[in-house]
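Asks: One structure, pasted below without further comment.
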């Protein structure tokens, strides 16, 4: 028997079910006895806005001149009950992110950029900082289950109030801020001992269910003499029902955050396995408003994985009145960049990423508080890596770019107002996206699930 | 104008609250009497001046909510979330209080002469709560700071996931929540209980109270502990 009877194999077969990622997961679980906690949003491939395309104008529709003709982006939120609705120059807002998860410098940068481009920014789980109130012309104040730092004076000096039921990264879960980020200032704002691993409540302390929520919203209205718009934010799960209940409870604005939405810290199992994609949630939310004949009366903001001008345009065409961005905003500030800019020079941050066991482009270590580019940190040295001036400049550029892309697409579809974009302007590229968004597959009249097939 | 009356059978709630926010601070109003509340929600929410509001009858949800420097006295019972998120001042319920009384209070004094329902003092962040009767289950859940004096009994899971708030209970405790433990009463505790009973106008012997505080074992993730709390 010669050696030729045993041919040398050239392929090694990896298991599909027990691939390297799964082996890593099991080994980590065995080593630590505790689930993984991380930041950012779902990383898995999901049907998203990239799976939709616009039908630009041609012979059957008439386009607008791309550079010369007016295309309005003005956005008004909170017209249902509030006597002082929010008026924004663009339909792109900054999502709620806490001081604590972000540094005070970052909160100030968000406010400055938002003010310059005429949009709103939002507080987070941990109260309102002076920096963000002073730098933000329009500031939305969140009322969260934890009520950390919640203060009637801040309610009165806010421009709108957002009742947070849940968030797309973790619908059904409360906030989390690990001890290394609970600095003395953060701890004082939240009335907690410094350095503890803070785990927020997932339910509000003083109301349970939609009938109670209606009374809670009325309290906030009475407190503000019915002036300020009240938003209700839900993480995307049973979105059709949740949006209906939010409307029933008296919301002026409903915010729907899909599963691609980010967080500064939560269990990975939560981020990847709870909630539905933004695309599916958006369609359900719009259906709920249309079912109640409340489209245009209650405004809809969608968030969770909105990255680009085309994403904004598609969200608006599907029926959103505005979008909210968190992770894209942080990336514009420098999140996951290989360097940071300090004292007039770029500094390589690769070594700091390596210490965290990651690399630029892969980092989701917001929960550690050791952000190599100084964004999601409370560390006195690291936070100096992002100054409000530089951050605001980059963020302003990003928001301007998104808005220009949005109007470019709207004009190509023949719209003088970005809010005139409509579902009829969109088709889907994949069967999954067509089914979730209930739009026809491109080149066909087929909407999966409709008309019985 | 030192005294104003609002009959909620005749006047919409919005007029009362708007008066308390806009007129009371500038017109030097000292007392506002509310009649026929008939369980209306959100009576006297968001007070921001040292006005004295008397509610003659039962109040609904969130009476005296987010109070700052005002005084609200309810000659009747109060619904869910009475004095929720109070910053300072005083809210006194002469009857009973429903769920979530004093939820997330940051300061001030809440006195309940009768019993309080579930989750009394949940998420407490400061200030003091004195309950003449008993409190329901899950009271002082995740209470972060402040003090609670319970002259009657406490239900299940008292002080679950407590932070730095301290609870004093005169009667029986059906069960303690995770991380809550009974600690010995020191001289400072006796003085605290006496001070709070005096402030609430209640007479008991401070030595009859037990102290409940956090064992602080949940402050940090611990992989070796069974996560069964």
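Protein chains in written order, with my numbering: chain L, 2 to 454; chain W, 2 to 230. No residue lacks a Cβ here, since even glycine has one placed at the ideal position from N, Cα and C. Note that the structure is predicted; figures quoted are calculated from it, not measured.
(1) Looking at residue 153/W and residue 127/W, is the spacing between their C-beta atoms short of 7 Å?
(2) Taking the C-alpha atoms as reference points, what is the distance between residue 39/W and residue 124/W?
(3) Between which two residues does the alpha helix (DSSP H) carrying residue 88/L extend?
(4) My assumption, with CB atoms under 8 Å, is that residue 1/W sits in contact with residue 132/W. Please give the rounded CB distance.
(5) Give every residue of the same chain whose Cβ lies closer than 6 Å to the Cβ of residue 49/W, excluding the five residues on either side of it in the sequence, and list them in chain order.
(6) Taking 7 Å as the CB-CB limit, is residue 192/L close to chain W?
(7) Counting only the same chain and skipping the five closest in sequence on each side, list residues whose C-beta sits under 8 Å from that of residue 273/L.
(8) What does residue 131/L reach in chain W if we use C-beta pairs closer than 9 Å?
(9) Could you give the residue range of the alpha helix (DSSP H) that holds residue 33/L?
(10) Between residue 147/L and the rest of its own chain, which residues show a CB-CB distance below 7 Å, the 5 nearest in sequence each way excluded?
(11) Starting from residue 126/W, find everything on chain L with Cβ-Cβ shorter than 7 Å and list it in chain order.
(12) Rounded to whole angstroms, what's the CA-CA distance from residue 26/W to residue 52/W? Just pull it up for me.
(13) DSSP has residue 73/L in a bridge; who is on the other side?
(14) Counting only beta-carbon separations shorter than 7 Å, does residue 300/L have a partner in chain W?
(15) Can you find a C-beta in chain L that's less than 7 Å from the C-beta of residue 230/W?
(16) Would you mind listing the beta strand (DSSP E) stretches within the stretch 298–386 of chain L that are 3+ residues and don't spill past its ends, in chain order?
(17) Could you check whether residue 341/L and residue 374/L sit closer than 7 Å to each other, using their CB atoms as the reference points?
(18) For residue 16/W, decide whether its Cβ has a neighbour in chain L, counting only Cβ atoms nearer than 7 Å.
(19) So the alpha helix (DSSP H) residue 158/L belongs to, where does it begin and stop?
(20) Please tell me whether residue 275/W has its Cβ less than 7 Å away from any Cβ of chain L.
(21) Say the cut is 6 Å; is the CB of residue 210/W nearer than that to a heavy atom of the ligand GDP?
(22) Where does residue 142/L fall in DSSP's three states?
(23) Straight-line CA distance for residue 446/L to residue 61/W?
(24) Output needed in chain order: residues of the stretch 216–241 of chain L with a Cβ under 9 Å from some Cβ in chain W.
(25) Go through its chain and collect everything with a Cβ distance to residue 205/W's Cβ below 7 Å, but skip five positions before and after it.
(26) Skipping 5 residues on each side, what residues in its chain have a beta carbon closer than 7 Å to that of residue 243/L?
(27) Compare the C-alpha of residue 278/L against each of 86/L, 305/L, 12/L, 140/L and name the closest.
(28) For a test of the three-state rule: what should DSSP assign to residue 255/L, helix, strand or coil?
(29) Between the alpha carbons of residue 210/L and residue 164/L, how many angstroms are there, rounded?
Replies: Reading off the structure:
(1) no
(2) 29 Å
(3) Here residue 88/L belongs to no alpha helix (DSSP H); instead the beta strand (DSSP E) covers 87–89.
(4) Because chain W is modelled from 2 through 230, residue 1/W falls outside the range shown and cannot be assessed.
(5) 69
(6) yes
(7) 43, 44, 45
(8) Going along chain W, no residue has its Cβ under 9 Å from residue 131/L, so there is no contact; the nearest lies around 18 Å.
(9) 21–33
(10) 126, 175, 176, 201, 202
(11) 192
(12) 8 Å
(13) 418/L
(14) no
(15) Below a pLDDT of 50, predicted positions are generally treated as unreliable, and residue 230/W, at 44, falls in that range; no measurement from the model is reported.
(16) 300–304, 323–326, 340–343, 346–349
(17) yes
(18) no
(19) 153–158
(20) For residue 275/W there is no data in the structure shown, the boundaries of chain W being 2 and 230.
(21) With respect to small molecules bound, the structure shown includes none, and the ligand GDP cannot be examined in it.
(22) strand
(23) 54 Å
(24) 216, 217, 219, 220, 221, 222, 223, 224, 225, 226, 227
(25) 152, 171, 198
(26) 235
(27) 305/L
(28) strand
(29) 13 Å
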